[in-house]
Amino acid sequence: MRPRALTTFAALAGTSVLALAGCTGGGQADTAPAADVTAAPDYSGTLSILTKFAGEPLEPYFENLAAEYEKLHPGVKIQLIQETDQSIKDKTKTLTASNALPDVYFTWTGNWAENFVRGGRAADLTEVVGPGTEWGKTFSEGALSAFAYDGRYYGIPLYGNGKFMGYNKAAFAKAGVKVPATFEDLIAACGPLRKAGYEPIAFGNKDGWPALHYLQQMFAYDVPWDTLQADLKPATAKLDDPGYVTALTRFTTLVDTCTDTRSGTNGVLYSSAQEKFADGKAAMYYQEILEFDNETAEGKLPADDFGIFPLPAPQGAKGDPAVIEGAPEGYLVNAASPRIPLAVDFMKFVTSVENAKTLSSPPYGQPSTVIGAVTPETSSSAVFAGVGLVNKAPKLAAWLDTVTVPEVADAWLSGGEALITGGRTPEQVLESVRRASASAK
Amino acid sequence: MRTIGERALGLAWVVPALVLVGVFVYFPLAENLGFSTLKWDIYSGSQEYVGFANYAKLVEDPVFWRSLGNNVLYAVVSIAFQVFGALVLAALIEGVRSERWQRVLRAIYFIPSAISLTVAGLLFYFVYEPDLGLLNHLLQAAGLGRLGHSWLGEESTAMPAIIAMSQWQGFGYSTLLFAVAIQRIPREIYQAAALDGTGPVRRFRHVTLPLVREMTGVMSMVTISGAFQVFNEVMVMTGGGPDNSTQVLGTWLYRSGFVRNDFGYAAAIATVIFVITLGIAVAQLWVARRRRVTW
Chain A
1166 MRPRALTTFA ALAGTSVLAL AGCTGGGQAD TAPAADVTAA PDYSGTLSIL
1216 TKFAGEPLEP YFENLAAEYE KLHPGVKIQL IQETDQSIKD KTKTLTASNA
1266 LPDVYFTWTG NWAENFVRGG RAADLTEVVG PGTEWGKTFS EGALSAFAYD
1316 GRYYGIPLYG NGKFMGYNKA AFAKAGVKVP ATFEDLIAAC GPLRKAGYEP
1366 IAFGNKDGWP ALHYLQQMFA YDVPWDTLQA DLKPATAKLD DPGYVTALTR
1416 FTTLVDTCTD TRSGTNGVLY SSAQEKFADG KAAMYYQEIL EFDNETAEGK
1466 LPADDFGIFP LPAPQGAKGD PAVIEGAPEG YLVNAASPRI PLAVDFMKFV
1516 TSVENAKTLS SPPYGQPSTV IGAVTPETSS SAVFAGVGLV NKAPKLAAWL
1566 DTVTVPEVAD AWLSGGEALI TGGRTPEQVL ESVRRASASA K
Chain B
404 MRTIGERALG LAWVVPALVL VGVFVYFPLA ENLGFSTLKW DIYSGSQEYV
454 GFANYAKLVE DPVFWRSLGN NVLYAVVSIA FQVFGALVLA ALIEGVRSER
504 WQRVLRAIYF IPSAISLTVA GLLFYFVYEP DLGLLNHLLQ AAGLGRLGHS
554 WLGEESTAMP AIIAMSQWQG FGYSTLLFAV AIQRIPREIY QAAALDGTGP
604 VRRFRHVTLP LVREMTGVMS MVTISGAFQV FNEVMVMTGG GPDNSTQVLG
654 TWLYRSGFVR NDFGYAAAIA TVIFVITLGI AVAQLWVARR RRVTW
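Protein chains in written order, with the numbering used here: chain A, 1166 to 1606; chain B, 404 to 698.
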């Protein structure tokens, strides 16, 4: 073939490939008719599960359950894909884009789960886990409804979660400060704690989302609830309530007054800050219920010295001071799975009262959403207290990075970092979020 | 003259490699170009053709330009250290009389390159850590504590800190390559220059520099190309933060796709990276051909 002809051929071939790539579906969701979720399971084949329990101490939980289930049903093999809190986000999206989601997969609530429901990737489990069903009755109603969309139930809640300020009682006693009742008290307590030799609040924001946990709780205090909910959805968002700037300003006050790392907090790992608190070098650390038992693990903070309180609301704040930030976390069943009844059966096994109690007990310390699983006997006193506070809260504010659309969440993420470094003012951060929200409409 | 049968046989030997390269290199490239013209919802699988809208969005995206700027900064610093700095160091090492010391020095400078970038990134994360990090402790010990920073947590220091780590990691490799290039220069030329009374600096300028020109050209292109493909060290050390100050094209691509769910836009960024690195590769071939020196 002459060079010119070869070039022409290559160009044509390239164009064809381009056209082909543009026309073929890179990841069409399976549109097969909905399977009967109530059917009897066929105890054979391999069931794949994507969990968020990689690493110690959580990893053995699903491993043990899988081994036990395989023993009960010798024809079934459980294939576990265990990821960490950070890595599961990428893993899930990669599997989704390549149409390779496992039979059962982890989910957060809010926009994260909604995307799978909207895309037809999550099986409608209303007939088996809806509030009136035998299995559904074993869960707290709030946990179940966190995974409900348009009146249909899709998620199997595994554990509840909430964010609280953990504090070192001995440090508070040494500094002569009491558990703060208001945000102003919290800021005022930081001076005496520092004088007593403690970093008042350990804070690591290398991954960006820890700042969002503070912000979401502060928004709930400073912005009226209905406004806050409307602002989470780009279609209805205005983001013009003055409470946002107030909350963002309070956040910078907290970082500047109560952390030692101040504008350098973005260079510290969340886990490094956690270690500081567990080692008794910091007096407070804002954390999830799921982390409570880590603080008091062997050789760390004595259990009697560990206490919790909700991040205190500012005086006269315009939002709801009773809201607690938190949300259950759970699992969805792949709508395209050929073994949905088996997946349902396995998840029923996972959420049996006995296994739920194991999950709620140390070393796992993940407060199950199954009624009766979290008791003073099964859980540590801190976990039990945290779950009690979450259950009492009239409303839960879900995590800001999963409750809203990713573009807006990302704008909040970089905005939180900018507030810490002082690179942008609260007004500038809010403006960038407004722009992201408008672009996501 | 070859027969048709011989030609067919030759082609048959090449076909498997062509198929593999086509399937694993060119098809994904073409597919990426296709994706860059789509608005792709990975959840529903729906793909809407948007033409060049993703490329238009690039133009208006300040983070994209910031990322590109960081890549350029990376390239400039890398050229200074990993090409010119490494060349000077290689010449110094090769100027050491003892061969044993030459070997020792080459090994010392090469060791960081044997560490993977991810591991080096993690290592330096702890070097730069504000409370426990080695760097701040050293500054403190030297009475320069006021110069301490949260190196990766502040916008002004994060990018320079990452680039510095990268130079530490890549410097030895370039030095080794230049050392090999210098060793290939016939000793007689240096001896003749010495007999003519030229000192070490003039020998470097008038003998070494011209005769390693080909390697310098290749290294420059490889270094620039590498600077536009940076990903691991940024991902490990800052993830592109704080406030996107350390984003490079690779991490912004990742964040656009895997965090912001905008895979069409991520594909457009990938295309830009491809065009830049392809341009550099073509320039590299051209430079290598023009600068070849034989003796």
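In this text, a Cβ means the ideal position worked out from N, Cα and C, and glycines have one as well.
Bridge partner(s) assigned by DSSP for residue i
| i | result |
| --- | --- |
| proline 1322(A) | Gly1495(A) |
| threonine 1643(A) | Beyond the ends of chain A as shown, which are 1166 and 1606, falls residue 1643(A); an answer cannot be given. |
| isoleucine 1243(A) | Leu1212(A) |
| lysine 442(B) | Glu451(B) |
| lysine 1328(A) | Glu1453(A) |
| glycine 1472(A) | Tyr1332(A) |
| isoleucine 1366(A) | Met1449(A) |
| phenylalanine 1304(A) | Val1535(A) |
Distance CB(residue i)-CB(residue j) smaller than 9 Å
| i | j | result |
| --- | --- | --- |
| arginine 1599(A) | leucine 1404(A) | yes |
| leucine 1323(A) | glutamine 1382(A) | no |
| proline 1506(A) | alanine 1287(A) | no |
| phenylalanine 1457(A) | tyrosine 1332(A) | no |
| lysine 1398(A) | threonine 1272(A) | no |
| asparagine 435(B) | threonine 674(B) | yes |
| arginine 481(B) | alanine 630(B) | Sequence inspection shows serine at residue 481(B); the arginine mentioned does not correspond to that position. Cβ distance < 9 Å, so serine 481(B) and alanine 630(B) count as in contact. |
| leucine 1497(A) | glycine 1327(A) | no |
| asparagine 1431(A) | asparagine 1370(A) | yes |
| proline 645(B) | glutamate 532(B) | no |
| isoleucine 1214(A) | isoleucine 1253(A) | no |
| tryptophan 1564(A) | alanine 1492(A) | yes |
| leucine 550(B) | leucine 537(B) | no |
| threonine 654(B) | methionine 638(B) | yes |
| glycine 556(B) | serine 1428(A) | yes |
| alanine 1385(A) | leucine 1358(A) | no |
| valine 1509(A) | valine 1202(A) | yes |
| alanine 671(B) | serine 439(B) | yes |
| methionine 622(B) | serine 569(B) | no |
| leucine 1413(A) | isoleucine 1352(A) | no |
| proline 613(B) | tryptophan 571(B) | no |
Nearest neighbour of residue i, chosen from the options [CA to CA]
| i | options | result |
| --- | --- | --- |
| alanine 1443(A) | Ala1336(A), Tyr1318(A), Ala1232(A) | Ala1336(A) |
| glutamate 1490(A) | Asp1207(A), Ser1263(A), Pro1375(A), Leu1290(A) | Pro1375(A) |
| serine 447(B) | Val1342(A), Gly1284(A), Thr1272(A) | Gly1284(A) |
| serine 659(B) | Ser1209(A), Asp1255(A), Leu1595(A) | Asp1255(A) |
| glutamate 1453(A) | Pro1389(A), Glu1494(A), Trp1300(A) | Glu1494(A) |
| alanine 1278(A) | Arg1317(A), Gly1553(A), Lys1339(A) | Arg1317(A) |
| threonine 1117(A) | Ala1605(A), Asn1520(A), Ala1562(A) | Chain A is shown only over 1166 to 1606; residue 1117(A) falls outside these bounds and no answer can be derived. |
| valine 651(B) | Ser623(B), Asn474(B), Gln594(B) | Asn474(B) |
| valine 1242(A) | Glu1233(A), Glu1572(A), Asp1250(A) | The amino acid occupying residue 1242(A) in the given sequence is lysine; valine does not appear at that position. Cα-wise, what sits closest to lysine 1242(A) is Glu1233(A). |
| aspartate 1575(A) | Asn1556(A), Lys1258(A), Thr1211(A), Asp1372(A) | Asp1372(A) |
| proline 1206(A) | Arg1504(A), Gly1530(A), His1378(A), Pro1479(A) | Arg1504(A) |
| cysteine 1609(A) | Ala1447(A), Val1344(A), Val1410(A) | The first residue shown for chain A is 1166 and the last is 1606, placing residue 1609(A) beyond what the model contains. |
| valine 633(B) | Val690(B), Arg663(B), Leu598(B), Gly524(B) | Gly524(B) |
Residue i: CB within 8 Å of a non-hydrogen atom of the ligand COA
| i | result |
| --- | --- |
| glycine 1495(A) | In terms of ligand content, the structure shown is empty, and the ligand COA therefore cannot be addressed. |
Residue range of the beta strand (DSSP E) that includes residue i
| i | result |
| --- | --- |
| threonine 1216(A) | 1210-1216 |
| tyrosine 1450(A) | 1447-1453 |
| glutamine 450(B) | 450-452 |
| proline 1506(A) | Element bounds for proline 1506(A): not the beta strand (DSSP E) but the alpha helix (DSSP H), 1505-1515. |
| glutamate 1292(A) | Unbroken run through glutamate 1292(A) is the alpha helix (DSSP H), 1291-1294; no beta strand (DSSP E). |
Neighbour list for residue i in chain B, Cβ cutoff strictly below 7 Å
| i | result |
| --- | --- |
| phenylalanine 1281(A) | Tyr446 |
| arginine 1286(A) | Tyr446 |
| proline 1571(A) | Val662, Arg663, Asn664 |
| glutamate 1582(A) | Gly644, Pro645, Asp646 |
Residue interval of the alpha helix (DSSP H) (run including residue i)
| i | result |
| --- | --- |
| lysine 1398(A) | Note, lysine 1398(A): premise wrong, no alpha helix (DSSP H); not H, not E. |
| glutamate 1456(A) | No alpha helix (DSSP H) holds glutamate 1456(A); DSSP gives it neither H nor E. |
| tyrosine 531(B) | 520-531 |
| phenylalanine 1384(A) | 1374-1387 |
| arginine 509(B) | 502-513 |
| histidine 540(B) | 537-544 |
Where residue i meets chain A, residues with beta-carbon distance less than 8 Å
| i | result |
| --- | --- |
| serine 553(B) | Thr1426, Ser1428, Gly1429, Thr1430, Asn1431, Gly1432, Val1433 |
| phenylalanine 666(B) | Ala1262 |
Chain A contact residues for residue i, given Cβ-Cβ distances below 9 Å
| i | result |
| --- | --- |
| glutamate 532(B) | Gly1432, Val1433, Leu1434, Ser1437 |
Residue i: contacting residues in chain B (beta-carbon distance under 9 Å)
| i | result |
| --- | --- |
| glycine 1373(A) | Gly642, Gly644, Pro645 |
| lysine 1465(A) | Chain B residues near lysine 1465(A): none, gap ~17 Å exceeds 9 Å. |
Closer than 8 Å at the beta carbon, the chain B residues around residue i
| i | result |
| --- | --- |
| aspartate 1255(A) | Phe661 |
| aspartate 1575(A) | Arg658, Val662, Arg663 |
Contacts that residue i makes with chain A (C-beta to C-beta distance below 7 Å)
| i | result |
| --- | --- |
| glutamate 558(B) | Thr1586, Gly1588 |
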